[in-house]
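Residue numbers (our numbering), protein chains in the order written: chain X, 1 to 192; chain L, 1 to 192.
2 protein chains.
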Amino acid sequence: MCIMTNQPTNKFFTSDLNWDDYRHLVKEINVPAKTTLLQESEVSKNAYFIKKGCLRIWFNNNGKDVTFQFFFENQGVSSIESFKSGQPSLFSIESIEPSTLLVISKSNLELMVKEIPGYQAFMQEHIFQRLNHYSKLFLSHIKNNPQERYLELLAESPHIIQRVPQHYIASYLGITPVSLSRIRNKVLAEKK
Amino acid sequence: MCIMTNQPTNKFFTSDLNWDDYRHLVKEINVPAKTTLLQESEVSKNAYFIKKGCLRIWFNNNGKDVTFQFFFENQGVSSIESFKSGQPSLFSIESIEPSTLLVISKSNLELMVKEIPGYQAFMQEHIFQRLNHYSKLFLSHIKNNPQERYLELLAESPHIIQRVPQHYIASYLGITPVSLSRIRNKVLAEKK
DNA sequence: TTGGCGCGATAACAATTGTTAAGAAATACG
DNA sequence: CGTATTTCTTAACAATTGTTATCGCGCCAA
Numbered sequence: 001m002c003i004m005t006n007q008p009t010n011k012f013f014t015s016d017l018n019w020d021d022y023r024h025l026v027k028e029i030n031v032p033a034k035t036t037l038l039q040e041s042e043v044s045k046n047a048y049f050i051k052k053g054c055l056r057i058w059f060n061n062n063g064k065d066v067t068f069q070f071f072f073e074n075q076g077v078s079s080i081e082s083f084k085s086g087q088p089s090l091f092s093i094e095s096i097e098p099s100t101l102l103v104i105s106k107s108n109l110e111l112m113v114k115e116i117p118g119y120q121a122f123m124q125e126h127i128f129q130r131l132n133h134y135s136k137l138f139l140s141h142i143k144n145n146p147q148e149r150y151l152e153l154l155a156e157s158p159h160i161i162q163r164v165p166q167h168y169i170a171s172y173l174g175i176t177p178v179s180l181s182r183i184r185n186k187v188l189a190e191k192k
Numbered sequence: 001m002c003i004m005t006n007q008p009t010n011k012f013f014t015s016d017l018n019w020d021d022y023r024h025l026v027k028e029i030n031v032p033a034k035t036t037l038l039q040e041s042e043v044s045k046n047a048y049f050i051k052k053g054c055l056r057i058w059f060n061n062n063g064k065d066v067t068f069q070f071f072f073e074n075q076g077v078s079s080i081e082s083f084k085s086g087q088p089s090l091f092s093i094e095s096i097e098p099s100t101l102l103v104i105s106k107s108n109l110e111l112m113v114k115e116i117p118g119y120q121a122f123m124q125e126h127i128f129q130r131l132n133h134y135s136k137l138f139l140s141h142i143k144n145n146p147q148e149r150y151l152e153l154l155a156e157s158p159h160i161i162q163r164v165p166q167h168y169i170a171s172y173l174g175i176t177p178v179s180l181s182r183i184r185n186k187v188l189a190e191k192k
């Protein structure tokens, strides 16, 4: 299982760190849209931090592209599980927009982890927040129908709907692009 | 958000502990079926460990009973979030079968936590496993339709289907009892 | 500039699911 | 035991979603 390491309010790569002290451990890269950063079934070697742009993680479900999560500026992306176990990732990481990323290798990240005081506590809090995030997503699916889930996403994460192509959002909501298009149409009609 | 403290392979209340040392901190109770142990909107004061029977956590979604998770023998049940924050629980905890439970108060649990070496690491691992559990449930919803989810549950957790009333399972799968009944019928017909 | 391609809208039809209601079957309990 | 209650099934119809296909628009690169 692939788990994202970071939340929008992430300290991992940002505020609490003096980046001048770690600059030699991190590489900045620019990638065009639709660049694969981690291929499904390969072992995760790097973690990424988004300076500009957006990424998604997705997997191939019997030939169908299923998007699992979206990431934007100031978020970190990686596969904790693949880091922990050295097992092949069950997901791919791919850029949606042209993006500017910070790249840190597994070993360098571990180095930083040791040097940053209170990291363990932060990590626990972070995993706890992830837990809340996924349990919330699960709840959204058992208590809401697709239209309600779309409206919830629109209310809570409008930036996703604004920046991400619709067919990715459809699979994230667990429906087809055609159905999402219809729902949008219906919602628009009901507003008038 | 309510989070379960325990997994089937749970050390919290069991194997690694010498229960004779803690017996004064824990109370054993017997409850009939449909007993509410924690009421939605109340603050969680106790954690439970199931010696015999089964529990569920659920919430009221606009008048509809939505079951979030099931628990069986040797599992612990509580609301970490309510423990942590002292905030009202967003869920109810209720017995499904007549059950024999161990009850431990929040303060006594905290006492034990301090006395048990390596508890922090265990807690982190536990939360991590919960994270995997919920991300898996979320995945199941975006990649599978209701029938596939039912078959997955049947394959991975047959004990749930055997012991839990069907209408609870239906809400857990995010569908109506009527639809679940049809799916079961269809699956049975396809087997022949 | 322009052809190709990604993306979204729409249509028509099939399949599934929801809703409501009624009744049968199983279970609980005095 | 028998009665109540809970649980499950089935039916009929409405609503939603999936499937397949077509069309048009905008963007990007040759």
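Backbone N, C-alpha and C define an ideal beta-carbon position, used for all residues, glycine too.
Taking DSSP as the reference, what is the three-state secondary structure of residue i?
| i | result |
| --- | --- |
| L37 of chain L | strand |
| Q69 of chain X | strand |
| F91 of chain X | coil |
| S79 of chain L | coil |
| K52 of chain L | strand |
| K64 of chain X | strand |
| K27 of chain X | strand |
| N185 of chain X | helix |
| S99 of chain X | strand |
| S105 of chain X | strand |
| I127 of chain L | helix |
| N46 of chain X | strand |
| I175 of chain L | coil |
| I169 of chain X | helix |
| I247 of chain L | In the structure as shown, chain L starts at 1 and stops at 192, and residue 247 of chain L therefore has no counterpart that could be examined. |
Strictly below 7 Å CB to CB, what residues from chain L border residue i?
| i | result |
| --- | --- |
| G106 of chain X | The residue you asked about is not Gly; residue 106 of chain X is Lys in the sequence shown. Under the 7 Å cutoff, chain L gives no residues; its nearest Cβ is about 18 Å from K106 of chain X. |
| H167 of chain X | Those do not exist, as H167 of chain X stays about 13 Å from chain L at its closest Cβ, beyond 7 Å. |
| K143 of chain X | N61 and V66 |
| G174 of chain X | H141 and I142 |
| L137 of chain X | F138 |
| Q39 of chain X | Within 7 Å Cβ-Cβ: nothing; Q39 of chain X doesn't reach chain L, min ~19 Å. |
Can you pull the chain X neighbours of residue i, defined as C-beta to C-beta under 7 Å?
| i | result |
| --- | --- |
| F128 of chain L | I127 |
| Y150 of chain L | Correct list: empty, because the minimum Cβ distance to chain X is about 13 Å. |
| Y22 of chain L | The contacting residues do not exist; Y22 of chain L stays about 25 Å from chain X at best. |
| L131 of chain L | I3, I127, R130, L131 and Y134 |
| Q147 of chain L | Going along chain X, no residue has its Cβ under 7 Å from Q147 of chain L, so there is no contact; the nearest lies around 14 Å. |
I think residue i touches residue j, with their Cβ atoms under 8 Å apart; what is that distance to the nearest whole Å?
| i | j | result |
| --- | --- | --- |
| I50 of chain X | E73 of chain X | 5 Å |
| S105 of chain L | K45 of chain L | 6 Å |
| F128 of chain X | L90 of chain X | With 8 Å as the limit, F128 of chain X and L90 of chain X do not qualify as a contact, their Cβ atoms being about 22 Å apart. |
| E94 of chain X | R56 of chain X | 6 Å |
| Q124 of chain L | Q124 of chain X | 5 Å |
| F138 of chain X | Y168 of chain L | Not a contact, Cβ separation roughly 16 Å. |
| H141 of chain L | H141 of chain X | 4 Å |
Please classify residue i as buried or exposed, where buried requires at least 16 neighbouring CB atoms within 10 angstroms.
| i | result |
| --- | --- |
| A33 of chain L | exposed |
| R23 of chain L | exposed |
| R163 of chain X | exposed |
| L180 of chain X | buried |
| G174 of chain X | buried |
| L101 of chain L | buried |
| E148 of chain X | exposed |
| A121 of chain L | exposed |
| L188 of chain X | exposed |
| G76 of chain L | buried |
| A155 of chain X | exposed |
| P8 of chain L | Residue placement at P8 of chain L is poorly supported in this model, since its pLDDT is 38, which falls under 50; the coordinates still yield a value, given next. It counts as exposed. |
Check whether the Cβ atoms of residue i and residue j sit closer than 8 Å, and answer yes or no.
| i | j | result |
| --- | --- | --- |
| A47 of chain L | S78 of chain L | yes |
| E70 of chain X | I160 of chain X | The sequence as given places Phe at residue 70 of chain X; Glu does not occur at that position. In contact: F70 of chain X and I160 of chain X (Cβ atoms closer than 8 Å). |
| I80 of chain L | C54 of chain L | no |
| T67 of chain X | Y150 of chain X | no |
| N145 of chain L | E152 of chain L | no |
| P98 of chain L | V31 of chain L | yes |
| P158 of chain X | Q166 of chain X | no |
Check the Cβ of residue i against every Cβ in chain X and list those closer than 8 Å, keeping chain order.
| i | result |
| --- | --- |
| Q162 of chain L | Residues of chain X passing the Cβ test: none, with the nearest at roughly 21 Å. |
| Y48 of chain L | Those do not exist, as Y48 of chain L stays about 19 Å from chain X at its closest Cβ, beyond 8 Å. |
Would you mind telling me which residues of chain L sit closer than 8 Å to residue i, beta carbon to beta carbon, in chain order?
| i | result |
| --- | --- |
| L109 of chain X | Ordered by position in chain L, no residue passes the 8 Å Cβ test against L109 of chain X, which lies about 17 Å from the chain. |
| S171 of chain X | I142 |
| Q75 of chain X | Within 8 Å Cβ-Cβ: nothing; Q75 of chain X doesn't reach chain L, min ~17 Å. |
Interface residues of chain L around residue i at Cβ under 9 Å?
| i | result |
| --- | --- |
| F71 of chain X | Here the premise fails: no neighbours, minimum Cβ distance about 15 Å. |
| Q87 of chain X | Near Q87 of chain X there are no residues of chain L at all, since even the closest Cβ is about 13 Å away, more than 9 Å. |
Residues of chain X with a CB under 9 Å from the CB of residue i: which are they?
| i | result |
| --- | --- |
| F83 of chain L | Correct list: empty, because the minimum Cβ distance to chain X is about 12 Å. |
Return yes when the C-beta of residue i is under 7 Å from any heavy atom of the ligand ATP, and no when it is not.
| i | result |
| --- | --- |
| L90 of chain L | No copy of the ligand ATP appears in this structure; indeed no ligand is present at all. |
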